[in-house]
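Report on the following structure.
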Amino acid sequence: MVFNLNKYSCKEGASMFKTITILIPAYNEEEVIYQLYSRLTRVIDSITGYHFELLFVNDGSKDNTVEILKNLGKKDRRISLVDLSRNFGKEVAMIAGLDFSVGNAVVIIDADLQDPPELIVEMIKYWEQGYDDIYAKRATRAGETWLKKWTASSFYKLLQRMSRIPIQENTGDFRLLDRRCIEALKQLRETQRYTKGMFSWIGFNKKEILFNRDSRAAGETKWNYYKLLDLAIEGITSFTTAPLRLSAMLGVFISIGAFFYMIFIITRTLIFGGSVAGYASLMTVILFLGGIQLLSLGIIGEYLGRVFNETKSRPLYFVKEYNDGKGAISEQKYMENRFSRGRI
Numbered sequence: 018m019v020f021n022l023n024k025y026s027c028k029e030g031a032s033m034f035k036t037i038t039i040l041i042p043a044y045n046e047e048e049v050i051y052q053l054y055s056r057l058t059r060v061i062d063s064i065t066g067y068h069f070e071l072l073f074v075n076d077g078s079k080d081n082t083v084e085i086l087k088n089l090g091k092k093d094r095r096i097s098l099v100d101l102s103r104n105f106g107k108e109v110a111m112i113a114g115l116d117f118s119v120g121n122a123v124v125i126i127d128a129d130l131q132d133p134p135e136l137i138v139e140m141i142k143y144w145e146q147g148y149d150d151i152y153a154k155r156a157t158r159a160g161e162t163w164l165k166k167w168t169a170s171s172f173y174k175l176l177q178r179m180s181r182i183p184i185q186e187n188t189g190d191f192r193l194l195d196r197r198c199i200e201a202l203k204q205l206r207e208t209q210r211y212t213k214g215m216f217s218w219i220g221f222n223k224k225e226i227l228f229n230r231d232s233r234a235a236g237e238t239k240w241n242y243y244k245l246l247d248l249a250i251e252g253i254t255s256f257t258t259a260p261l262r263l264s265a266m267l268g269v270f271i272s273i274g275a276f277f278y279m280i281f282i283i284t285r286t287l288i289f290g291g292s293v294a295g296y297a298s299l300m301t302v303i304l305f306l307g308g309i310q311l312l313s314l315g316i317i318g319e320y321l322g323r324v325f326n327e328t329k330s331r332p333l334y335f336v337k338e339y340n341d342g343k344g345a346i347s348e349q350k351y352m353e354n355r356f357s358r359g360r361i
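Its first residue numbered 18, the sequence shown is counted upward by one per residue in this note's numbering.
Structure follows, in structure tokens:
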């Protein structure tokens, strides 16, 4: 079936043929690249009235991901490849892709096919109706353990309570972004990034689409519990100072309690005489307060570490090679283009 989505166009000054970039961060995805390419091309070939760019960002893969993408690029000039110099992480790979995207809109989709490419048709429809950020919300999460589902749900609820920015629950990076959103995101150059929160922070006109998330088409997830915990900490420290405020409030309450307990001890000693027994209880209180102090120092350290990393002002990434579908660009020419466009 062929879809002509230009009939939905209501954007002022819209051209007949817009360009849509499909951004795919990839890390060790050799087992699924061919399946992904097949499904993506079936979708975009069914949509008329648009130019498409398939922009892959190789995030330091150690398998044959790059070789496969280069071979596909020789057959399909719609494929562009940004090959990062090492593994910088998915969050940085996404901003690198946004920096190099040329489309009027960008669709971000994972390479593992847990997000159905077929949903892109509906996203484009809503984009042409005037929405700037059309995000896919997971109605179900196939292939995930109950523990991962529970921890994800708990994290989103906690973040919603702590943050002043409404961050969508059960959403990933699978979405269509208008060029206005892309330019806004490109201005956010934090080194420690929580892009899901940034999507909410920039605002603009949003639209939710529900879908059932599939299991991985092949291979294993690159997200272990340590990486998920690290991402959760990034989300909390990026969008709220509530942990710092909580530790301060806890310190105030403990100090008030300690003051009244001191008054009690002094009063009891003056009235009844003798010392107050309780070596075990004293040690328990000392250890408890010591734990609270270390926890508070750890929270402060997380925020201080973020400040330290940001003050270094290092580039977010370096590119080993960029191929725009017309051939690889040399390192020297790439650097000239990069700085002329203000990319960092």
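From the three backbone atoms N, C-alpha and C, an ideal C-beta is built for every residue, glycine too.
Query                                                                                                                                                            : Result
DSSP three-state label for Pro-42, please.                                                                                                                       : strand
Just grab the DSSP bridge partners of Phe-69 for me.                                                                                                             : Ile-37
My output table needs one value for Lys-139: the three-state DSSP class, helix, strand or coil.                                                                  : Note on identity: in this sequence residue 139 is Glu, with Lys being the wrong assignment. It is helical.
What residue does the alpha helix (DSSP H) around Arg-59 start on, and which one ends it?                                                                        : 50-62
Cβ atoms of Lys-203 and Leu-115: under 8 Å apart, would you say?                                                                                                 : yes
Using DSSP bridges, identify the partner residues of Thr-212.                                                                                                    : Thr-212 pairs with nothing; no bridge assigned.
Per DSSP, what kind of secondary structure is Tyr-319 in: helix, strand or coil?                                                                                 : In the sequence as presented, Tyr is not what sits at residue 319; that position holds Glu. Here Glu-319 sits in helix by DSSP.
Figure out for me which residue from Ala-122, Arg-155, Leu-130, Asp-129 has the closest Cα to the Cα of Lys-142.                                                 : Ala-122
Which partner residues does Leu-227 have in the DSSP bridge list?                                                                                                : Lys-154
Could you tell me whether the segment 99-106 touches the segment 120-135, using the rule of 3 or more Cβ pairs below 8 Å?                                        : no
Ordered along the chain, which non-local residues of its own chain (more than five positions away) have a Cβ less than 8 Å from that of Ile-317?                 : Leu-261, Ser-264
What residue from Ile-50, Leu-57, Glu-135 has the CA that sits closest to Val-83's CA?                                                                           : Ile-50
How about Glu-207 and Glu-327: are their beta carbons less than 8 Å apart?                                                                                       : yes
Please report the residue range of the beta strand (DSSP E) in which Leu-194 lies.                                                                               : 188-195
Helix, strand or coil for Ala-128? Go by DSSP, reduced to three states.                                                                                          : coil
Three-state secondary structure (DSSP) at Thr-88?                                                                                                                : Correcting the residue type first, residue 88 is Asn in the shown sequence and not Thr. Helix, per DSSP.
If you reduce the DSSP assignment to three classes, tell me which class Phe-20 lands in.                                                                         : Its pLDDT being 47, under 50, Phe-20 is placed unreliably by the model, and nothing is read from it.
Tell me the rounded alpha-carbon separation between Ser-97 and Lys-223.                                                                                          : 28 Å
Check for me: the alpha helix (DSSP H) holding Val-412 runs from which residue to which?                                                                         : This structure gives no information on residue 412, because the portion of the chain shown stretches from 18 to 361.
Contact between the segment 57-70 and the segment 145-152: three or more CB pairs below 8 Å?                                                                     : no
Distance check for Arg-59 and Phe-221, CA to CA, integer angstroms please.                                                                                       : 30 Å
So that I know if they touch, is there some Cβ in chain D lying closer than 8 Å to that of Glu-135?                                                              : Annotation note: the requested chain D is absent from the structure, which comprises a single protein chain.
Exposed or buried, what is Ala-31 when buried is set at 16 or more other beta-carbons lying within 10 Å of its beta-carbon?                                      : Confidence at Ala-31 is low in this model, with a pLDDT of 43, below 50, so its placement is unreliable and the value that follows should be read with caution. With fewer than 16 other Cβ atoms within 10 Å, it is exposed.
What is the C-beta distance between Pro-134 and Leu-57, in whole angstroms, given that I count them as a contact (C-beta under 8 Å)?                             : 5 Å
On the criterion of 16 or more Cβ atoms from any shown chain inside 10 Å, does Ile-288 qualify as buried, or is it exposed?                                      : exposed
Just confirm the distance between the C-beta atoms of Leu-333 and Val-109, as a whole number of angstroms; I'd bet it's less than 8 Å.                           : 5 Å
Kindly give me the distance between the Cβ atoms of Ser-78 and Ala-113, rounded to whole angstroms, as I take these residues to be in contact under 8 Å.         : The pair is not a contact, with the Cβ atoms about 14 Å apart (cut-off 8 Å).
Cβ atoms of Leu-89 and Met-140: under 8 Å apart, would you say?                                                                                                  : no
Tell whether a beta-carbon distance below 8 Å holds between Gln-185 and Tyr-152.                                                                                 : yes
Mind checking whether Ile-37 and Leu-136 have CB atoms under 8 Å apart?                                                                                          : no
Leaving out the 5 sequence neighbours to the left and right, which residues in its chain are closer than 8 Å to Gly-362 when beta-carbon positions are compared? : A question about residue 362 goes unanswered here, because the residues of the chain that appear run from 18 up to 361.
Can you grab the Cα-Cα spacing for the pair Ser-272 / Leu-306, in whole Å?                                                                                       : 10 Å
Between Arg-197 and Phe-228, what straight-line distance do the alpha-carbon atoms span, to the nearest angstrom?                                                : 25 Å
If I measure Cβ to Cβ from Pro-132 and keep anything under 6 Å in the same chain, skipping five residues before and after, which residues do I get?              : Here the sequence assigns Asp to residue 132, which means Pro is not the residue at that position. Answer for Asp-132: Ile-126, Phe-191, listed in chain order.
By DSSP, does Asn-75 sit in helix, in strand, or in coil?                                                                                                        : strand
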